[in-house]
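First to last, the protein sequences are chains W and H. Using this note's numbering, the first residue of the first sequence is number -9, and each one after it goes up by one. Using this note's numbering, the first residue of the second sequence is number 354, and each one after it goes up by one. All residues carry an ideal CB built from backbone N, CA and C; glycine is no exception. It should be emphasised that the depicted structure is a prediction, and the values quoted were computed from it without experimental measurement. Working notes, beginning with the structure itself.
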Amino acid sequence: MVEPIQYIGRKTIGTCSAFAEMLVFSGQVMTRALQRKTYNSATKMVLINQIYFTSVQILPLFLFISVIFGSLLVGSVFQAIKNLGLTEYLGKILMGSVVTELSPFVTVLLITLRSSSAINTEIAVMKVNKELKTLEAFQIDIINYLFVPRILNGILSVVLLSALCSITVLISGFLFLNLFFGVSPDVYASDLLNSAVFSDILIMLMKCVTFGFFITLIPIRQGLRASDELTSIPVSVLNGMVNVFIAIVIIEVLSLIIRFI
Amino acid sequence: MFQALEALPQECPQPLGVVSIDIPLISNLNVWMNIALIRQYHENQPAPQAADMVKQLLKRFSMESIFNLRNPQLCEEERFCAMLLRALMVPRSVLVVERPFEILNSHGDSRFLHQALNTVNDLFTKCYIFDYTWQKNKYGLFDGS
């Protein structure tokens, strides 16, 4: 009887202390990101490379998915609401679900699968290969050089790619509606603009920034927890991806709660 | 050997530029980025200028071909020279070469090591080489000498 309670207690304490460590680490990183001296030729090069690998390399696939997904989604939504006689709500549905919810979620899933796993593996491999010690030996601060550019890149990539996804979905959706349902561009555009609510857009932006921050911070943190053995790398990546997924769900739920308060 | 290495920072107040198997090249950076990193980070040297500087330094060793290669693609001599040039990027530093034959595994003597150091002898004022006592034959040192 006592052992299960002890187990639950240990797990709870472990989870809370891990969460507290994460918050402290987040604070350290954010402080450094706001300091001017963090940015030099080396960190700028890392940031540019990270933006290229995260946002630019993925563009063809990302745009293809957005176009296909957008056309079919908007088309099927319009068909459904047309059958219900609710076509005047098209703008609200598109702004409320596609722009503020679906685009950030699809974007963050794609970036997590691609970039977060890569960052987690990279940091874990650097730890195992003693490359972090190399940076320390040459007095290169690993937070400034390794972590800040990656986290900034995560934030920028999620925000910009979410915006791009929203625009692509709406445009491809309009082309689909124009072709198959004869919807005029004026009606479509005015419907969307009338349905745009500033607070929803702001919440969407904050959500993207939060997503971008945690889908890079958590893999970095998990990568640092790798031990000196090669076998700790897959364990680190596994834990990192599970924690990122949990963070995505928590952020999504919190944003929905804030939106509908 | 390790006691002497640990005592070095007290004896030498200048920063140390270390060449050691325990301070490897960064595997996701090219050779030129590994070498240029120190100046780019500490002195904010722009990337094109840093790249030119590294090209000139690699020319001294006739190793321009390794400019864009990564650590696993290098042979042991190329790796040693890259690590040596990286250590020399620490400004006003004392060069420390620690267990060079852990990097230059196939070398039976210190000829390559001394040739490499002579090639860049204008870039450092002092150099310490630390190694195991049983390696002293490779340096031309024998018992009684």
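Under 9 angstroms (Cβ pairs) to chain W, residues found in the stretch 388 to 399 of chain H: Residues passing the 9 angstroms Cβ filter: A389, L390, I391, R392, Q393, Y394, H395, E396, N397, Q398, P399.
Cβ of V372(H) within 8 angstroms of any chain W Cβ: no
Neighbour flag for Y178(W) against chain H, beta carbons, 8 angstroms: Taking Cβ atoms only, chain H never reaches closer than 8 angstroms to Y178(W), which makes this a no.
Short Cβ contact (8 angstroms threshold) for G230(W) with N110(W): yes
Euclidean distance between Cα positions of F52(W) and V36(W): 23 angstroms
One or two residues paired with C480(H) in a DSSP bridge: L448(H)
Boundaries of the beta strand (DSSP E) in which S459(H) is found, first to last residue: It is not in any beta strand (DSSP E) - S459(H) carries neither H nor E in the DSSP assignment.
Residue of E396(H), W385(H), I388(H) minimising C-alpha distance to K27(W): E396(H)
Beta-carbon proximity of Y481(H) to V449(H), cut-off 8 angstroms: yes
Under 9 angstroms by beta carbon: chain H residues contacting I130(W): L390, I391, Y394, H395
Environment of S61(W) [buried if 16+ CB atoms lie within 10 Å]: The residue is buried, with at least 16 neighbouring Cβ atoms inside 10 Å.
Nearest residue (CA-CA) to E242(W), options R215(W), V118(W), L195(W): L195(W)
Residues within the stretch 24 to 46 of chain W neighbouring chain H, beta-carbon criterion of under 8 angstroms: Under the 8 angstroms Cβ criterion, the stretch 24 to 46 of chain W contributes N30, S31, A32, T33, M35.
is_contact[E(-7)(W), chain H] using C-beta, thresh 8 angstroms: no
CB of C198(W) within 8 angstroms of CB of S156(W), strictly: no
S174(W) - partner residues in DSSP beta bridges: For S174(W), no pairing in a beta bridge is given by DSSP.
Test item: CB-CB of N421(H) and S380(H) under 8 angstroms: no
L146(W) versus P94(W), A114(W), Q(-4)(W), L122(W), residue with shortest Cα-Cα distance: P94(W)
Where S380(H) sits in the DSSP three-state scheme: In this structure, S380(H) counts as coil in the three-state DSSP scheme.
Buried or exposed by the 16-neighbour rule on C-beta atoms within 10 Å, applied to G17(W): exposed
Whole-number beta carbon distance between V96(W) and V148(W), since they are thought to touch under 8 angstroms: At roughly 11 angstroms, the Cβ-Cβ gap does not stay under 8 angstroms, so V148(W) and V96(W) are not in contact.
Contact set between the stretch 435 to 466 of chain H and chain W, restricted to residues whose Cβ is under 7 angstroms from the partner: Cβ contacts with chain W: V443.
Close-in-space but distant-in-sequence residues of the same chain around I41(W) (CB under 8 angstroms, 5 per side omitted): N143, L146, S147
G493(H), DSSP secondary structure in three states: coil
Candidates S415(H), A440(H), R432(H), of which the one nearest R392(H) by Cα: A440(H)
Heavy atom of the ligand ADP within 7 angstroms of I419(H) beta-carbon: In the structure shown, the ligand ADP is absent, as is every other ligand, since no ligand is present at all.
Distance CB(V118(W))-CB(L220(W)) smaller than 8 angstroms: yes
Range of the contiguous beta strand (DSSP E) that encloses S217(W): Premise fails: S217(W) is in no beta strand (DSSP E) and is neither H nor E.
Member of T478(H), E430(H), R464(H) whose CA lies at the smallest distance from the CA of I456(H): E430(H)
Proximal residues, the stretch 100 to 129 of chain W versus chain A, C-beta separation under 8 angstroms: In summary, chain A is missing from the structure at hand, where the protein chains are W and H.
Endpoints, the alpha helix (DSSP H) within which V372(H) is located: Residue range 369 to 373 is occupied by the beta strand (DSSP E) that includes V372(H), with no alpha helix (DSSP H) assigned at that position.
CB-CB length for I210(W) against F137(W), believed under 8 angstroms: Yes, they are in contact, since the Cβ atoms of I210(W) and F137(W) sit about 5 angstroms apart, within 8 angstroms.
Contact the stretch 116 to 132 of chain W vs the stretch 163 to 180 of chain W: 3+ CB pairs below 8 angstroms: Result no; under three Cβ-Cβ pairs closer than 8 angstroms.
Neighbourhood of E112(W) by C-beta distance below 8 angstroms, restricted to the same chain and skipping five residues each side: The residues are G213.
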